[in-house]
Structures are given as structure tokens and as C-alpha cells.
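Residue numbers (my numbering): 47 to 206.
Have a look at this one:
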């Protein structure tokens with residue numbers, strides 16, 4: 047896929063250079079490279095964490111709290127652990143297809159409820175965590191997915 051993108055970028059750059067001349071090449075190439083790199087970066091990441099605290103909401107729509115301690119390299123050098131707060135935002139995800147659904151969020155919450163005091167894989171996708179302050183983050187929902195035959199809980203904050 048990246049070879050095709052590179053070929054497309056080279057072809058487009060050559061065509062633009064012929065039509066507009068060299069004067070406009072630098073800003074145009076910068077814009078093209080930005081979008082090519084942004085496309086290659088899209089996706090998610092996950093980490094090995096120790097789930098030290100899990101506070102389940104008492105009622106649907108109430109906030110959940112998770113304390114995640116990174117067992118290796120984490121999201122930030124400043125935070126060896128994070129507090130994750132959030133709710134499943136029904137209005138925000140209404141009509142949105144995978145990966146976000148109330149049933150998917152409930153599945154992730156059920157999985158985490160049985161993993162307190164254990165290592166789990168936790169990640170983010172599509173700006174999955176919004177920093178509130180310090181090492182405290184906000185999520186609009188979670189989902190559980192298999193990666194390399196292991197369950198990974200992902201947080202999503204913005205639509206992908």
C-alpha cells in the first residue's frame with residue numbers, strides 16, 4: 047500500500063511541477079507529504095498494563111474509573127500510571143458503526159471487572175484518550191478486540 051502511495055505522490059508531484067513550475071513546489075510537496083504521512087500514522091497502539099483499580103458505574107451512563115499502571119514503556123514518560131475516567135457516550139456514538147457500540151463497551155467493562163490485580167493489554171485508537179490534567183484521562187467508550195490471539199481493550203474518544 048505504501049509503495050502505491052509513494053508512486054502516486056511522485057507522479058502527482060511531477061505533474062504539478064510541470065504545470066506550476068518550481069516556485070510553488072516546496073509548499074505543495076510539504077502538503078502532499080503531510081497527508082501521506084498522516085495516512086500512514088492512522089491506527090492505534092496498546093501497552094501492557096497492570097489494572098490496579100476498577101470502579102464500575104452503579105447505573106448505565108455513570109462514570110467508570112480505571113487505574114492503569116504501565117508495566118513497560120507507557121504513553122508518557124511523565125506518567126507511570128494513569129487514571130482513566132469515562133462513560134459510554136450514547137448520543138455521540140448514535141448511528142456510528144464499528145467499533146463503538148453499547149454492547150461492545152459492556153463487553154470490555156465485563157472483561158476488565160474480572161482482571162483487577164492482573165496484567166491486561168490496553169490501548170487507544172482514534173485519539174482514544176483526552177488528557178484532562180496531569181495523568182488523568184477521559185474516554186467516551188471502550189471496546190474489546192483480539193490482537194495476536196490476545197484480548198486488548200481499546201479506548202476511543204473521537205470518531206475514527
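Ideal Cβ positions, reconstructed from N, Cα and C, are used throughout, including at glycine. Keep in mind it's a predicted model, so treat the numbers as computed, not measured.
How about residue i and residue j: are their beta carbons less than 9 Å apart?
| i | j | result |
| --- | --- | --- |
| residue 111 | residue 129 | yes |
| residue 91 | residue 172 | no |
| residue 138 | residue 205 | yes |
Can you tell me whether residue i is helix, strand or coil according to DSSP?
| i | result |
| --- | --- |
| residue 111 | strand |
| residue 136 | helix |
| residue 91 | strand |
| residue 203 | coil |
| residue 191 | strand |
| residue 157 | helix |
| residue 126 | coil |
| residue 149 | helix |
| residue 163 | coil |
| residue 143 | coil |
| residue 169 | strand |
| residue 97 | strand |
Please go through the same chain and pick out, in chain order, the residues whose beta-carbon is closer than 7 Å to the beta-carbon of residue i, but skip the five residues on each side of it.
| i | result |
| --- | --- |
| residue 4 | A question about residue 4 goes unanswered here, because the residues of the chain that appear run from 47 up to 206. |
| residue 116 | 93, 95, 126 and 127 |
| residue 155 | 102, 110 and 188 |
Rounding to the nearest angstrom, what Cα-Cα distance links residue i and residue j in this structure?
| i | j | result |
| --- | --- | --- |
| residue 192 | residue 145 | 12 Å |
| residue 187 | residue 174 | 9 Å |
| residue 147 | residue 97 | 23 Å |
| residue 153 | residue 124 | 31 Å |
| residue 165 | residue 136 | 29 Å |
| residue 177 | residue 121 | 11 Å |
| residue 180 | residue 142 | 31 Å |
| residue 113 | residue 203 | 17 Å |
| residue 199 | residue 140 | 21 Å |
Excluding sequence positions up to five away, which residues of its chain have a Cβ less than 8 Å from the Cβ of residue i?
| i | result |
| --- | --- |
| residue 108 | 133 |
| residue 208 | Shown here, the chain extends from 47 to 206; a query on residue 208 therefore has no answer. |
| residue 162 | 97, 98, 99 and 100 |
| residue 119 | 93 |
Evaluate residue i with the Cβ neighbour count: other Cβ atoms within 10 Å of its Cβ, from every protein chain shown; 16 or more gives buried, anything less gives exposed.
| i | result |
| --- | --- |
| residue 149 | exposed |
| residue 194 | exposed |
Against chain B, with Cβ distances strictly below 9 Å, would residue i count as a contact?
| i | result |
| --- | --- |
| residue 178 | Looking for chain B here will not work: only one protein chain is present. |
Excluding sequence positions up to five away, which residues of its chain have a Cβ less than 6 Å from the Cβ of residue i?
| i | result |
| --- | --- |
| residue 6 | Residue 6 cannot be examined here, being either before or after the span of the chain that is shown, 47 to 206. |
| residue 182 | 129 |
| residue 201 | 170, 174, 175, 185 and 188 |
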